[in-house]
Amino acid sequence: MMRIAAACGIAAFTALAITACSKSSEGLTATPESLRIAILINPTNLNPILAQNAIESFVDGLMFDLLVTNDQHQRQIADLAAIVPSLANGGISKDGLTLTYHLRHNVKWQDGAPFSSRDVKFTWRAIMNPRNNAVSRRGYDQIATIDTPDAYTVVMHMKRLFPPAVDTIFGESDTPYRILPAHLLASYPDINHVPFDSAPVGTGPYSFVRWLRGDRILLRANPGYFRGRPGLNEVTLAIIPDDQTMSAQLRSHEAGLGIEITTSNFRDLAGAAGVTRQLALAPAYTAVIFNTQRAPFDDVRLRRALVLGMDRAALVRNNTYGTGTLAVADLSPYYWAFDSALHPEPYDPAQAKALLDADGWHTGPDGVRVRNGTRLAPLLVYGLGSSAVRSIVAQIQQMYRGLGVDLQVKGFDYSTLYAAAQSGGILNGGKFDLAMYAWISGSDPDNSSQWSCGMIPPAGNNVARYCSPAMEAAQRLALSTFDRSVRSHAYATIQALLLRDAPAAFIYYQSLRYAHVSDLQNFAPNGISEAWNAQEWRR
């Protein structure tokens, strides 16, 4: 999510970086075996453990690999691991405290160095290094030690039972960290600002060529990829931070694939010649997040009033064009832990006004509510570039005006909005009252990184800064056993607490949206990652 920066104005560390200072029109040769992928967000770096959002993670997934991934049917499949560890095959010990991964033997880094267990252990240490700006250490912090008895065996000794370990640790989690090369990075005290972050070397299907910052990232097929040569020779990631421009380029086939396009993109491309639209069921939601540690939103009565005063069903009808469904809380029907007995909060502006009155927010002479001399004029932040988001924000403003709330809004480029807390990010730094927020979870329903006290940024993804003893107890229960019935009960409690405490107004569950040229074959997103089978894409 880096701003469009003048990369030529800084020192270049490698020949690849120097090449990036050439004309912005330079790129790989357009051929039937090439693909130009449109992405809305400008990446900040290309290091997979420093990714701040799903688009950066997608880009990383073209060049790097996990130990375990998921197919389009949400089934776990081995990636750099030779087999998925389980209780049945002995990869998970009976007490759940030891995980053993057997690695593939035929994997090399794109510079020719062999991949080994040393790389897995190094990547874990890099994630746990407090100097590194990893957005979350959830799951990795449950590992006590890692043994590497040989080059192809990794033994993880857990501090305690952690049921989603295989999904979370180098798997398709909500922060999917891919394996890094120890031979290139182990000598650095931290890896936040090293040449590798701009010119990476992975094990994945596509190799880095160059990065024309703010414009495009150029990749080429990795001929030594362990699953075989990829079906495309070249991939260009085109940074298009405006959804209307993206629609035009997809319609004209200038772009061959749009990743996680907006709802308005999806609507506009209906019937476009030679364009296929595609949806993927996802563990994803869109919400308005409240900063629960910033007055006056540390008051649950105010938060609940603003949830009841938002016509979320109308927002879904008017803005998702059939790609979203009204949300209850954060866990969507994608999960076995979804509680169908819970129902969305109703739209009830009369009750919202009554709550505001009871909370001491009384209507002033200009129609705006005031308490103790302070006007109720909170700031909502959102990401620039999406006409759909702008429309939702404007509609919420109008709804809240009817409650006596003078909602202020401010848009930020995604690089600023989602930046790490250490880098001055708006969300991770807590510089907001309310925020438009979209989240894609992992393959396990574990949502502790979003709602646990210990996961407030920079430690995790709890941007609402919500902290509740009842939530902590429910999260502990959810992570205490492999028994799905016990875990389902715990997640039902968690969802009920989110409704009660209202750290967010959950608007809709998302299906992830894509559009691509109709001759693109084998594009099959799994709802979390699009790149899991990138080597199979072809035209």
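For the sequence shown, the positions run 1358 to 1896 when my numbering is used. Even for Gly, the Cβ is constructed at its ideal location relative to N, Cα and C.
| Looking only at DSSP bridge pairs, what is I1793 linked to? | A small correction: the amino acid at residue 1793 is Met; Ile does not occupy that position in the sequence shown. The partner list for M1793 (beta bridge, DSSP) reads V1645.
Hey, quick one: how far does the alpha helix (DSSP H) through G1418 stretch, first residue to last? A1411 to M1420 is the extent of the alpha helix (DSSP H) around G1418.
Please work out which residues of its chain come closer than 8 Å, Cβ to Cβ, to F1880, disregarding the five sequence neighbours upstream and downstream, and give them in chain order.
-> L1614, Q1635, Y1871, H1873, E1887 and W1894
Check your understanding: From the DSSP output, which residues share a beta bridge with V1427?
Key -> Residue identity check: residue 1427 is Asn in the sequence provided, not Val. Among the bridge pairs identified by DSSP, N1427 is matched with Q1433.
Open item on the list: Please report the straight-line C-alpha distance between I1597 and P1557, rounded to a whole angstrom.
Closed with: 22 Å
Could you give the first and the last residue of the continuous beta strand (DSSP E) run that contains V1592? E1591 to I1596
query: So the alpha helix (DSSP H) P1706 belongs to, where does it begin and stop?
result: Run containing P1706: P1706 to A1715, per the alpha helix (DSSP H) assignment.
CB of P1562 within 8 Å of CB of Q1892, strictly: yes
What would DSSP say about K1465, mapped onto helix, strand or coil?
strand
Where A1671 falls: helix, strand or coil (DSSP): helix
Handout entry: Rounded distance between the beta-carbons of A1508 and S1474, thought under 8 Å
Key = 6 Å
Open item on the list: Can you look up H1540 in the DSSP assignment and give me helix, strand or coil?
Closed with: helix
Give the secondary structure of V1874 by DSSP, where H, G and I count as helix, E and B as strand, and everything else as coil. strand
Neighbourhood of S1604 by C-beta, 7 Å cutoff - its chain only, sequence neighbours within 5 removed
N1622, D1625 and L1626
| Excluding the five sequence neighbours on either side, which residues of its own chain have a C-beta within less than 8 Å of the C-beta of K1465, listed in chain order? | Correct list, in chain order: P1471, F1472, T1560, G1581 and F1583.
Can you confirm whether the region 1398-1407 touches the region 1425-1433 when touching is taken to mean that 3 or more C-beta pairs between the two stretches lie within less than 8 Å? no
Using only CA atoms, which one of N1549, T1457 and R1586 lies nearest to V1523? T1457
Check: The beta strand (DSSP E) with V1511 in it runs from where to where?
Finding: T1510 to M1515
Identified DSSP bridge partners for T1619:
Bridge partners of T1619: none, in fact.
Span of the beta strand (DSSP E), counted from its first residue to its last, around S1748: S1748 -> not in any beta strand (DSSP E); alpha helix (DSSP H) instead, spanning S1744 to R1758.
By the DSSP assignment, the beta strand (DSSP E) with F1769 in it spans what residues?
Q1765 to F1769
Tell me whether N1883 sits in a helix, a strand or coil according to DSSP, three-state version.
coil
How far does the beta strand (DSSP E) with W1693 in it reach, from first residue to last?
That residue, W1693, is in no beta strand (DSSP E); it is neither H nor E in DSSP.
Residue closest to S1544, alpha-carbon to alpha-carbon, out of F1479, L1774 and I1449: The candidate whose alpha carbon is nearest that of S1544 is F1479.
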